[in-house]
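Under this note's numbering, the first residue of the sequence shown carries the number 1218, and numbering increases by one thereafter. All residues carry an ideal CB built from backbone N, CA and C; glycine is no exception. Computed from a predicted structure; not experimentally measured.
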Amino acid sequence: MKHSIYLLICVLGLAGCSGKFKTFIDDFSLAYDTPGDVNLSFEKVRQSKSDLLYIKLGERTVVALVLGYLENGQHKWLSADNKMLIMEKGRIIRTLGLPNNLLALSNLEADPLKQGSETINGKQWQRLIDWQTGQYGHQANSTFENSGLETLTYYGHELTTRHITEHVSYHNYSQFSQTQAISVNEYWIDLKTNQLIKSRQQLSPSSEVFEMVYISRIARSLDDTDEGV
1218 MKHSIYLLIC VLGLAGCSGK FKTFIDDFSL AYDTPGDVNL SFEKVRQSKS
1268 DLLYIKLGER TVVALVLGYL ENGQHKWLSA DNKMLIMEKG RIIRTLGLPN
1318 NLLALSNLEA DPLKQGSETI NGKQWQRLID WQTGQYGHQA NSTFENSGLE
1368 TLTYYGHELT TRHITEHVSY HNYSQFSQTQ AISVNEYWID LKTNQLIKSR
1418 QQLSPSSEVF EMVYISRIAR SLDDTDEGV
């Protein structure tokens, strides 16, 4: 496993510093040397020198991804089996290693997720999407809804979040017989830190849902309020 991780890190330009590479490998071992669903202790998450992200794709087990690189506002999250999720302000904007990779989104600068959750209600966003399997330039329209406050519990402590719902309609999506298909994305923003700590995203109407929990951000939020366990 470590050999394949090393190759992926080289692609990202992370292997130039041996100390950084060793830290990265250690965090991969921490995140992936666990059978079944990953469920790391509060202390292990706190001690990780790289940010960890819990992710569940469809009905698969929960795994932890490691933040490999932060570049130009994009977070690049790596898995042990050479998958990569590239995110911008919490939105998945590109994938590597999946059967039908998301290649590109247009108009990212206008994404309401970048403009703050307090005023997002009713905001709209239009972009074009490219997928690897010959699906290019498909239009998607989003409408955002502030779904109110919601309490999430981690490590026995509650975090108050703002729940944002994004309703997405896809026009002329050729994998479907109808001319329009829909999906729903959800985001939970920690009110104390104003950071995204959980999201559910569907990259196309036919794809499985990614459920993501930013467990390192949660640990820091609990640490800041002396609520760590």
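Whole-Å CB distance - residue i paired with residue j, under 8 Å assumed
i	j	result
Gln-1349	Asn-1317	5 Å
Glu-1305	Leu-1325	6 Å
Trp-1342	Ser-1359	4 Å
Ser-1334	Arg-1379	5 Å
Leu-1345	Gly-1354	5 Å
Nonlocal neighbours in the same chain, by C-beta distance under 6 Å from residue i, ignoring five residues either side
i	result
Val-1255	Val-1279, Val-1280 and Ala-1281
Val-1430	Tyr-1271 and Lys-1415
Ile-1165	What the structure shows of the chain is the stretch from 1218 to 1446, and residue 1165 is not part of that stretch, so it cannot be assessed.
Thr-1382	Glu-1362, Ser-1364 and Glu-1403
Leu-1376	Leu-1369 and Asp-1407
Same chain, Cβ closer than 7 Å to residue i, five either side skipped, listed in chain order
i	result
Ser-1433	Val-1262, Ser-1265, Asp-1268 and Leu-1269
Asp-1328	Lys-1306, Arg-1308 and Trp-1342
Gly-1290	Glu-1305
Phe-1393	In this predicted model, Phe-1393 has a pLDDT of only 49, less than 50, meaning its place in the structure is not dependable enough to derive any value.
Leu-1320	Arg-1311, Asp-1347, Trp-1348 and Gln-1349
Residues of its chain near residue i, where Cβ-Cβ distance is below 8 Å and the 5 sequence neighbours each way are ignored
i	result
Asn-1338	Phe-1361, Glu-1362 and Asn-1363
Gln-1412	Ile-1406, Tyr-1431, Arg-1434 and Ser-1438
Where residue i falls, given that 16 or more other Cβ within 10 Å makes a residue buried
i	result
Leu-1404	Looking at the sequence shown, residue 1404 is not Leu but Tyr. Buried: at least 16 other Cβ atoms inside 10 Å.
Gly-1253	exposed
Leu-1257	buried
His-1292	buried
Val-1385	buried
Thr-1336	exposed
Leu-1366	exposed
Identity of the residue in the options nearest residue i by Cα
i	options	result
Ala-1357	Asn-1289, Ser-1421, Arg-1437 and Leu-1287	Ser-1421
Gln-1332	Ile-1406, Glu-1428 and Val-1401	Ile-1406
Lys-1273	Ser-1438, Gln-1418 and Ile-1435	Gln-1418
Tyr-1371	Leu-1287, Leu-1439 and Glu-1276	Leu-1439
Ala-1297	Gly-1373, Glu-1288, Leu-1313 and Phe-1427	Leu-1313
Gly-1441	Glu-1428, Leu-1315, Lys-1409 and Val-1401	The amino acid at residue 1441 is misidentified as Gly; the sequence shows Asp. Cα-wise, what sits closest to Asp-1441 is Lys-1409.
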